[in-house]
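Protein sequence lines correspond, in order, to chains A and B.
Count the first sequence with the working numbering and you get residues 1 to 223, in order.
Count the second sequence with the working numbering and you get residues 224 to 983, in order.
Below: one structure, written as structure tokens.
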Amino acid sequence: MKVGVVTFPGSLDDVDAARAVTLAGGEAVPLWHGDHDLRGVDAVVLPGGFSYGDYLRCGAIARFAAVMTEVIVAAGRGMPVLGICNGFQILCESHLLPGALIRNDHRRFVCKDQRLRIENVATAWTSVYEPGAEITIVLKNGEGGYVADQSTLDALEGEGRVVARYLDGNPNGSAREIAGIVNAAGNVVGLMPHPEHCVEELTGPGTDGLPFFASVLSTLAAR
Amino acid sequence: MTDDASPSTSCLHRLDTVAAARRTPEQPQPWSGLGLKRNEYDRIREILGRRPTSSELAMYSVMWSEHCSYKSSKVHLAKFGDLPQETPLGKTLAGIGENAGVIDVGQGYAATFKVESHNHPSYVEPYQGAATGVGGIVRDILAMGARPVAVMDPLRFGPLDAPDTARVMPGIVAGVGGYGNCLGLPNIGGEVVFDETYVGNPLVNALCVGVLRHEQLHTAHASGTGNLVVLYGARTGGDGIGGVSVLASETFERTGPSRRPSVQVGDPFMEKLLIECTLELFAAGAVTGIQDLGGAGLSCATSELASAGDGGMHVALDTVPLRDSSLSPEEILMSESQERMMAVVEPQHVDRCMATCAKWEVEAVVIGEVTDGDHLVIDWHGERIVDVPPRSVAHDGPVYQRPYTRPEWQDALQADTAAPLPRPTDVHATLVQMVASPNLADKSWVTDQYDRYVRGDTVLAQPDDAGVVRVDAASGLGVAVATDCNGRFAKLDPYAGAQLALAEAYRNVAVTGALPLAVTDCLNFGSPEDPGVMWQFERATLGLYDGCEALGIPVTGGNVSFYNQTGAVAILPTPVVGVLGVINDVARRIPSGFSCVGQRVLLLGTTREELDGSTWAQVAHGHLGGLPPQVDLAAEQALATVMVAACRDALVASAHDLSDGGLAQALVECCLRRDLGVRVQLDGDPFVQLFSESTARALIAVTASHEEAFTELCRDHGVPVRVLGEVTGDASLVVKGVLDVPLAELRSAWSATIPAAMAH
């Protein structure tokens with residue numbers, strides 16, 4: 001299975017995401033922001049980082065990259081897409097996901113090992129987790145506060161589209177402790193914490209992030 | 224951040240050319256306003272055989288400044304070049320004089336690392352000062368041909384409750400994080416230290432580590448007549464220009480408030496592009512020589528590249544892309560705009576070079592070429608404004624033998640020992656007071672603002688003793704780095720203080736299981752014009768030299784920062800030492816915290832009654848006096864040998880260096896990592912055992928099955944080892960007959976201090 005990892009100018013966690021895909025048993029394919037080409041991949045990861053320096057608004061410029069035209073079309077056809085951190089911001093700016101991410105309520109960048117509960121295991125990226133699984137993965141962001149209007153939040157809750165929720169305190173002021181959401185079709189997931197930093201015992205707080213990548217491979221294999 | 228002189232405008236500026244300088248030898252020049260001394264100005268006239276043009280004067284003034292020329296420190300730093308340029312693994316690949324030292328770490332890999340200061344800008348504008356400090360050191364590492372893989376930041380502030388600390392600390396920490404996080408470099412360690420002498424003089428030191436294959440080594444030299452000089456990266460703007468505007472105003476011998484250079488503004492996004500673009504240029508073999516633009520900007524890059532090469536250089540200065548079209552040539556030469564690099568490129572590679580820059584959306588322009596002459600020649604719209612021997616700018620700056628004398632207060636300071644200070648009657652209360660004191664308290668308010676995970680190769684990071692980064696995933700090769708300095712010890716005895724800094728950084732690397740290989744230093748001191756400060760500097764450099772010789776590791780590069788002083792009060796002498804080591808299999812790295820109930824807890828090394836300058840004396844009595852702990856480099860070396868062998872044979876579960884706060888602090892930190900308790904028994908005076916800061920010690924946890932083998936290893940190397948007790952599942956720290964403190968009490972005291980101070 002080929003999983004594309006997009007590099008925008010300022011992407012930082014593209015090497016980590018590619019490594020995670022490989023460790024999960026997939027083939028990581030580098031995708032370049034300036035190409036109208038998904039190189040035949042079966043799924044796409046928009047990695048973390050500071051695309052275009054977070055200038056204007058996080059993700060606001062990357063959303064207009066050539067590759068995003070293709071990602072938006074492919075997502076509409078059901079291709080699994082995971083946006084991590086800056087990737088989540090790009091998905092919101094692209095209107096593939098509702099809401100927006102704003103500066104942390106305490107106004108500082110935060111990097112910590114964060115407890116999460118997986119709330120929805122019916123998505124392309126969470127299918128191999130146990131329902132309600134509690135995991136620890138790396139959280140690192142300056143603008144990770146998830147916001148949306150009340151009716152959107154109610155709809156997300158009502159439709160079970162909250163994918164992951166912060167436990168043991170809200171690290172960035174996200175509405176309803178939301179750490180990640182999914183689109184109505186279940187193929188596009190945005191996640192503020194970083195599962196790609198939690199795929200080896202040696203270099204992170206455990207391997208609780210690996211099932212995100214194993215899930216998409218399993219989802220694709222089942223198609 | 225504006226200069227006190229009015230900004231120049233090019234329309235008012237009359238171009239000063241080499242021809243004009245010949246015609247008007249007696250024209251008054253503002254050399255004094257640019258910080259040059261009369262004899263320095265005369266020397267420039269002597270070198271050139273005429274008066275300098277205003278552009279030449281600008282170049283000489285910045286390159287002969289203390290910051291660039293090391294004119295006060297050079298005579299003392301020269302001895303580091305006498306150390307064998309050899310690590311325990313072989314010859315260094317590049318040493319002092321290059322942008323950063325490069326050392327062989329085995330398997331065809333090399334590591335490069337260096338620490339630099341950005342103290343004064345960070346006081347003036349904390350966020351940008353700290354941010355551009357990170358940016359500058361990262362470009363130094365990049366210029367060696369290496370991929371930067373990690374950063375570290377030794378920081379020093381005034382007292383935590385001082386009003387100015389509330390101004391500078393959040394800005395500096397956010398600046399370090401804001402720049403490094405956006406670059407995608409994990410921040411794996413450093414220091415956060417508080418002392419009243421740093422009020423008004425915060426220290427922001429920045430260290431970067433890079434990794435390269437041996438064959439990727441690049442250096443800063445311009446050779447090959449006809450090769451082109453390419454300037455790429457950010458446009459040149461008016462930031463970071465110091466006293467240059469007096470040139471335009473043409474007033475002479477102005478008096479008035481002293482000028483502080485305006486602070487540069489960083490763009491980490493551009494730097495990230497610059498890193499990826501430069502690494503791609505290296506990989507394509509498109510670059511012959513490379514130099515980053517930092518202090519002194521184009522003046523430095525052109526003169527250093529040309530003087531390290533075998534020919535001359537011609538530059539058309541009007542081709543430099545500008546952010547502000549009104550900049551004068553003098554300002555362009557002195558601008559310290561960030562995120563710029565200069566490459567020497569063979570003509571056949573220029574198209575490729577430009578294509579790579581375009582791919583990364585980095586602006587690149589050919590601004591000149593290598594010539595067969597021996598002069599650096601710079602034109603402005605066809606008129607010659609600079610014609611100098613480049614070496615005279617880059618390397619032949621003045622050298623001063625500053626007078627130095629032992630301060631008359633030094634004897635009284637050393638005589639005022641901690642011996643008469645009342646010892647605690649309530650050890651429990653003292654322990655809690657100690658862990659809550661700013662220098663021993665939890666630093667995660669700071670370090671949680673830094674990304675330590677990016678790139679996915681961070682094996683250890685703060686609060687472990689050293690940062691460890693994986694270099695090669697297949698073999699497990701990695702490097703470890705630590706920085707340390709106890710300025711209080713250095714005040715008591717600068718010679719011993721520098722060696723104690725070296726010993727601590729060396730030990731911190733060794734306890735992770737890595738073999739220490741090389742040293743970088745950042746020597747932060749007060750004014751070199753004060754003979755007492757100069758004496759501290761002379762003693763510290765000699766101590767470091769002798770220490771490195773004894774340990775068999777070279778100094779591969781570093782930085783000096785003087786004038787860290789407010790009025791007559793200098794900072795504590797602060798020779799920060801960074802040590803880099805190699806670890807053959809990162810999977811066997813030794814973490815610092817207790818990890819399993821039942822582990823046996825051992826103390827390595829000898830504990831003496833050494834409380835002078837200790838954290839206890841500071842916290843309990845506000846006292847600084849006496850003599851620092853004994854330096855025993857042979858014992859440090861033996862301890863390191865034991866730890867490297869224990870790592871190789873996977874004998875120990877955890878190891879933590881004993882330093883500030885002594886055994887008590889080490890026990891607390893080892894327990895709090897995973898909320899595991901400990902029960903120990905101490906021989907002798909428990910107060911001395913707990914709070915003495917004797918060196919060459921480490922707290923070890925081993926599984927019972929490895930205890931005998933490890934103890935034997937220690938004995939083989941003459942390292943004293945004593946069984947203290949064991950790790951428990953009770954949530955308390957117990958010293959039999961002395962203490963029984965719940966971990967919850969320790970954690971709340973330890974973790975509350977800094978957040979509470981920063982909450983206002």
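Just so it is clear, CB atoms sit at the ideal spot from N, CA and C, and this is done for glycine as well.
Please read these numbers as outputs of a predicted model, since none were measured by experiment.
- Checking the DSSP bridge columns, you'll see residue 879 (chain B) partnered with B:922.
- According to the DSSP secondary-structure assignment, residue 337 (chain B) is paired through a beta bridge with B:431.
- It is roughly 7 Å from the alpha-carbon of residue 810 (chain B) to the alpha-carbon of residue 202 (chain A).
- Annotation for residue 947 (chain B): 824, 826, 903 place their beta carbon closer than 6 Å to its own, counting only its chain and skipping 5 residues before and after.
- Assignment of residue 26 (chain A) by DSSP, reduced to helix, strand and coil, places it in the coil class.
- Close to chain A, meaning a Cβ-Cβ distance shorter than 7 Å, are the following residues of the segment 668-682 of chain B: 671, 672, 673, 674, 675, 676, 677, 678, 679, 680, 681, 682.
- The C-beta distance from residue 374 (chain B) to residue 291 (chain B) rounds to 23 Å, too long to meet the 8 Å contact threshold.
- Burial state of residue 819 (chain B) is exposed, judged by a 10 Å Cβ sphere holding fewer than 16 other Cβ atoms.
- The C-beta separation of residue 328 (chain B) from residue 682 (chain B) comes to about 15 Å, leaving the pair out of contact by the 8 Å criterion.
- Within the segment 47-85 of chain A, the runs of alpha helix (DSSP H) that reach at least 4 residues and sit entirely inside it are, in chain order, 66-76.
- Using a 10 angstroms sphere on the CB of residue 671 (chain B), the tally of other CB atoms reaches 16 or more, which defines it as buried.
- In the structure shown, residue 623 (chain B) adopts coil according to DSSP, grouped into three states.
- When secondary structure is reduced to three states using DSSP, residue 657 (chain B) falls in the helix class.
- In chain order, 108, 109, 111, 142 make up the part of chain A whose C-beta sits under 9 Å from the C-beta of residue 400 (chain B).
- With a threshold of 9 Å between beta carbons, residue 583 (chain B) makes contact with chain A.
- Per DSSP, residue 498 (chain B) has no beta-bridge partner at all.
- Against residue 13 (chain A), the close residues of chain B are 677, in the order they occur along the chain (beta-carbon pairs closer than 7 Å).
- Residues of chain B with a Cβ closer than 8 Å to the Cβ of residue 203 (chain A) are, in chain order, 676, 679, 680, 681, 682, 693.
- Its chain contains 544 as the residues whose beta carbon lies nearer than 6 Å to that of residue 586 (chain B), once the 5 sequence neighbours on both sides are disregarded; these appear in chain order.
- The segment 829-847 of chain B makes no contact with the segment 736-754 of chain B; the number of CB pairs closer than 8 Å stays below 3.
- Boundaries of the alpha helix (DSSP H) harbouring residue 910 (chain B): 909-914, taken from the DSSP string.
- The three-state secondary structure of residue 782 (chain B), taken from DSSP, is strand.
- For the C-beta of residue 505 (chain B), not a single chain A residue is nearer than 7 Å; the gap to the nearest is close to 18 Å.
- The contact set of residue 8 (chain A) on chain B, defined by CB atoms closer than 9 Å, is empty, because the minimum CB distance reaches about 11 Å.
- Between residue 664 (chain B) and residue 976 (chain B), the gap from beta carbon to beta carbon is short of 9 Å.
- Chain A has no Cβ within less than 9 Å of the Cβ of residue 925 (chain B).
- In the DSSP assignment, residue 194 (chain A) forms a beta bridge with A:138.
- Within 10 angstroms of the beta-carbon of residue 349 (chain B) lie 16 or more other beta-carbons, which makes it buried.
- Of all residues in the segment 800-825 of chain B, the ones placed with a Cβ closer than 7 Å to any Cβ belonging to chain A are 809, 810, in chain order.
- Here the alpha carbon of residue 933 (chain B) sits roughly 20 Å from the alpha carbon of residue 889 (chain B).
- Residue contact check for residue 502 (chain B) against chain A: no CB pair falls below 9 Å.
- Taken atom to atom, the span from the alpha-carbon of residue 534 (chain B) to that of residue 599 (chain B) is near 9 Å.
- The segment 687-727 of chain B is shown to contain whole alpha helix (DSSP H) runs of 4 or more residues at 710-715, in chain order.
- Under the criterion of beta carbons closer than 8 Å, residue 966 (chain B) and residue 898 (chain B) qualify as touching, at roughly 6 Å.
- The alpha carbon of residue 412 (chain B) has as its nearest neighbour, out of B:428, B:567, B:684, the alpha carbon of B:684.
- For residue 315 (chain B), the uninterrupted beta strand (DSSP E) segment begins and ends at 313-317.
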